[in-house]
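Novice: Going by UniProt numbering, the sequence shown opens with residue 1, and the numbers climb by one from there.
Glycine is no exception: its CB is placed at the ideal position from the N, C-alpha and C atoms.
Please find one structure pasted underneath; my questions will follow.
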Amino acid sequence: MINIPRGTQDILPKETKRWRFIEARLDALMELYNYQEIRTPIFESTELFARGVGDSTDVVQKEMYTFKDKGDRSITLRPEGTAAVVRSYIENKMQGLPNQPIKLYYNGPMFRYERKQKGRYRQFTQFGVEAIGAENPGIDAEVLAMAMHIYQSFGLKHLKLVINSIGDIDTRQEYNDALVKHFEPVIDDFCSDCQARLHTNPMRILDCKIDKDKEAVKTAPRITEFLNESSKQYYAEVKQHLDDLEVPYVEDPNLVRGLDYYTHTAFELMIDNPNYDGAITTLCGGGRYNGLLELLDGPSQTGIGFALSIERLLLALDEENIALDVDYDFDLFIATMGDEADRFAVKILNDLRKNGVKADKDYLQRKVKGQMKQADRLNANYTIVIGEQELQENKINIKNMQSGDSETIVLDKLVDYFTK
Ligand code: HAM
Numbered sequence: 001m002i003n004i005p006r007g008t009q010d011i012l013p014k015e016t017k018r019w020r021f022i023e024a025r026l027d028a029l030m031e032l033y034n035y036q037e038i039r040t041p042i043f044e045s046t047e048l049f050a051r052g053v054g055d056s057t058d059v060v061q062k063e064m065y066t067f068k069d070k071g072d073r074s075i076t077l078r079p080e081g082t083a084a085v086v087r088s089y090i091e092n093k094m095q096g097l098p099n100q101p102i103k104l105y106y107n108g109p110m111f112r113y114e115r116k117q118k119g120r121y122r123q124f125t126q127f128g129v130e131a132i133g134a135e136n137p138g139i140d141a142e143v144l145a146m147a148m149h150i151y152q153s154f155g156l157k158h159l160k161l162v163i164n165s166i167g168d169i170d171t172r173q174e175y176n177d178a179l180v181k182h183f184e185p186v187i188d189d190f191c192s193d194c195q196a197r198l199h200t201n202p203m204r205i206l207d208c209k210i211d212k213d214k215e216a217v218k219t220a221p222r223i224t225e226f227l228n229e230s231s232k233q234y235y236a237e238v239k240q241h242l243d244d245l246e247v248p249y250v251e252d253p254n255l256v257r258g259l260d261y262y263t264h265t266a267f268e269l270m271i272d273n274p275n276y277d278g279a280i281t282t283l284c285g286g287g288r289y290n291g292l293l294e295l296l297d298g299p300s301q302t303g304i305g306f307a308l309s310i311e312r313l314l315l316a317l318d319e320e321n322i323a324l325d326v327d328y329d330f331d332l333f334i335a336t337m338g339d340e341a342d343r344f345a346v347k348i349l350n351d352l353r354k355n356g357v358k359a360d361k362d363y364l365q366r367k368v369k370g371q372m373k374q375a376d377r378l379n380a381n382y383t384i385v386i387g388e389q390e391l392q393e394n395k396i397n398i399k400n401m402q403s404g405d406s407e408t409i410v411l412d413k414l415v416d417y418f419t420k
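Shown next as structure tokens:
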């Protein structure tokens with residue numbers, strides 16, 4: 001037997017209904033906020049992520065599915081959506097479009113070779129948004145509030161929005177230098193990942209899961225001490241907007257995010273339930289990326305966005321025992337007795353479906369009792385039993401499965417019964 005690859009999952013019919021419910025809700029929310037859907041390829045040039053996400057990040061160093069295609073090009077299955085959306089923005093010269101800023105959203109599979117864990121997969125489905133072309137604290141606040149709105153719209157309550165500012169590109173550089181100086185004398189006590197990160201990506205030492213309780217992490221310089229006046233001002237305005245919107249948040253100066261392109265606003269939305277027993281609590285993450293477009297040879301526009309995985313959204317829903325209002329309803333199940341009735345049912349089903357009625361019959365020659373069980377399993381709202389007599393009289397008893405009531409109607413008019 002060949003098994004499913006590690007870290008992936010089959011989403012079976014009962015579950016796909018929940019997925020579609022969630023995705024329809026997300027589409028509807030995006031209309032409210034005036035974000036439009038973009039679909040980019042599942043694979044891109046490796047260089048896009050190496051440059052965009054950053055050579056020193058875990059994603060690029062360890063987690064990408066990269067291969068050579070038959071034309072000897074290095075190709076990578078996308079590990080995230082932002083770099084691809086920005087590539088598309090640049091390639092399609094979206095800065096020249098009339099409606100600015102450009103607000104886009106996407107939803108699709110992403111691939112990271114990570115250790116499998118509850119809430120962590122090697123193929124996962126990311127829904128994300130990117131607003132490109134406005135550097136304005138108002139849009140930062142809108143994006144953060146929207147992330148919160150998405151989760152709340154499903155009835156989730158145990159949520160925590162954690163925010164930070166990582167300043168502009170100069171601030172980051174100064175801060176990184178200070179961190180190198182701070183950690184260098186003690187780095188031998190740190191894990192091998194942190195040792196490797198010291199000179200490539202020292203900010204990541206701050207959110208290392210292994211070394212998080214080390215004294216040097218606790219006493220490390222804080223990014224907030226390095227923010228220049230304009231960064232401080234920008235951050236203060238984002239927070240002011242969040243206060244105006246009554247979106248609660250907590251600040252965490254150690255929130256640095258795992259991808260290199262962030263500047264200024266960075267945030268994560270987490271599960272905040274004391275009874276939650278999973279290791280993974282981050283539901284969604286994002287932030288502002290002011291240098292990314294230029295880094296990818298684009299115009300000097302800036303952007304902000306976030307992404308969440310549907311897998312983790314479902315995990316949060318299960319955690320809070322929230323059932324989605326998924327429509328499992330079915331209109332009609334036709335039970336038959338005898339060959340003639342069976343043939344007639346095939347024909348009438350065709351008419352029913354063409355008129356938008358969800359209908360089905362038995363194909364396994366079950367007894368009527370077995371056919372009724374099938375109707376139950378399908379959650380059919382109505383059933384009929386067609387036999388010789390019904391065909392002769394052109395009359396049928398239609399039973400409402402919820403109320404138990406039945407009425408007699410003309411068999412020829414079955415379609416009308418549902419459509420009128
Ligand atoms: P990220 O923090 O790497 O950011 O991922 C965002 C979200 O994707 C996570 O919070 C989580 O919900 C989900 N996710 C990531 N990896 C996995 C996994 N292995 N299994 C399940 N879910 C996962 C980004 O990807 C940025 N592109 C977000 C962004 C958009 N920033 C600005 N715009």
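Does the distance between the C-beta of residue 408 and the nearest non-hydrogen atom of the ligand HAM fall short of 6 Å?
Specialist: no
Novice: Below 8 Å on the Cβ atoms is my guess for residue 245 versus residue 145; work out the distance and round it to an integer in Å.
Specialist: 5 Å
Novice: Secondary structure at residue 312, three-state DSSP: helix, strand or coil?
Specialist: Note: residue 312 maps to helix in three-state DSSP.
Novice: Whole angstroms is fine: what's the gap from residue 409's alpha carbon to residue 339's?
Specialist: 22 Å
Novice: Taking all protein chains shown into account, do 16 or more other C-beta atoms lie within 10 angstroms of the C-beta of residue 328, making it buried, or fewer, making it exposed?
Specialist: It counts as exposed.
Novice: Quick check: the Cα distance between residue 356 and residue 337, rounded to an integer number of angstroms?
Specialist: 25 Å
Novice: Give the range of the alpha helix (DSSP H) segment to which residue 372 is assigned.
Specialist: Going by DSSP, residue 372 is part of the alpha helix (DSSP H) stretching over 368-378.
Novice: If distances are taken between C-alpha atoms only, which option among 374, 247 and 326 comes closest to residue 365?
Specialist: Ranking the options by Cα distance to residue 365, first place goes to 374.
Novice: Pick helix, strand or coil for residue 360, following the three-state DSSP scheme.
Specialist: strand
Novice: What is the DSSP secondary structure of residue 173, reduced to helix, strand or coil?
Specialist: helix
Novice: Could you tell me if the beta carbon of residue 82 falls within a distance shorter than 6 Å of some heavy atom in the ligand HAM?
Specialist: yes
Novice: State the Cα-Cα distance for the pair residue 134 and residue 302, rounded to the nearest angstrom.
Specialist: 6 Å
Novice: Residue 65 bridges to which residues according to DSSP?
Specialist: 77
Novice: Enumerated in chain order, which unbroken segments of the beta strand (DSSP E) with a length of 3 residues or greater are wholly contained in the segment 383-411?
Specialist: Correct list: 395-400 and 406-410.
Novice: Assuming residue 391 and residue 359 form a contact by the criterion Cβ under 8 Å, report the distance between their Cβ atoms to the nearest whole angstrom.
Specialist: 18 Å between Cβ atoms; not a contact.
Novice: With distance defined between alpha-carbon atoms, name the residue in 156, 407 and 6 nearest to residue 322.
Specialist: The alpha carbon of residue 322 has as its nearest neighbour, out of 156, 407 and 6, the alpha carbon of 156.
Novice: Do residue 57 and residue 211 count as a contact pair if the criterion is CB distance below 7 Å?
Specialist: no
Novice: With C-beta atoms as the reference, is residue 202 less than 7 Å away from residue 227?
Specialist: Taking 7 Å as the cut-off, the beta carbon of residue 202 is found no closer than this to the beta carbon of residue 227.
Novice: What are the residues that DSSP puts in a beta bridge with residue 194?
Specialist: Residue 194 is not bridged to any residue.
Novice: Between the Cα of residue 305 and those of 139, 388 and 2, spot the shortest distance and give me the residue it belongs to.
Specialist: 139
Novice: The ligand GDP and residue 308: does the residue's C-beta get closer than 6 Å to at least one heavy atom of that ligand?
Specialist: Ligands in the displayed structure: the ligand HAM; the ligand GDP is not one of them.
Novice: Note down, one range per segment and in chain order, each alpha helix (DSSP H) of at least 4 residues found wholly within the segment 297-352.
Specialist: 310-319
Novice: Can you find at least 3 beta carbon pairs, one from the segment 99-107 and one from the segment 22-37, that sit closer than 8 Å?
Specialist: In this structure the segment 99-107 lies against the segment 22-37, because at least three pairs of beta carbons, one per stretch, are closer than 8 Å.
Novice: Between the C-alpha atoms of residue 269 and residue 371, what's the straight-line distance to the nearest angstrom?
Specialist: Answer to the nearest angstrom: the Cα atoms are 48 Å apart.
Novice: Is the beta carbon of residue 132 less than 7 Å from the beta carbon of residue 89?
Specialist: Less than 7 Å separates the beta-carbon of residue 132 from that of residue 89.
Novice: Out of curiosity, what's the CA-to-CA distance linking residue 184 and residue 253?
Specialist: 20 Å
Novice: My parser needs the beta strand (DSSP E) runs of 3 or more residues fully inside the segment 84-146; what are they?
Specialist: Along the segment 84-146, the beta strand (DSSP E) occurs as fully enclosed runs of 3 or more residues at 102-111 and 123-132, listed in sequence order.
Novice: If residue 63 sits next to residue 126, beta carbons under 8 Å apart, how far is it from one beta carbon to the other, in whole angstroms?
Specialist: In this structure residue 63 does not touch residue 126 by the C-beta definition: roughly 14 Å separates them, more than the 8 Å allowed.
Novice: Where DSSP assigns a beta bridge to residue 284, which residues make up the other side?
Specialist: Within the DSSP bridge table, the entry for residue 284 names 269 and 308 as partners.
Novice: What number of angstroms, rounded off, separates the C-alpha of residue 43 from the C-alpha of residue 78?
Specialist: About 5 Å.
Novice: Is the CB-CB distance between residue 367 and residue 345 below 7 Å?
Specialist: no
Novice: What do you get for residue 1, buried or exposed, if any count of 16 or more other CB atoms within 10 angstroms of its CB means buried?
Specialist: By the 16-neighbour rule on beta-carbons within 10 angstroms, residue 1 is exposed.
Novice: Rounded to the nearest angstrom, how far is the Cβ of residue 286 from that of residue 307, given a contact under 8 Å?
Specialist: 6 Å
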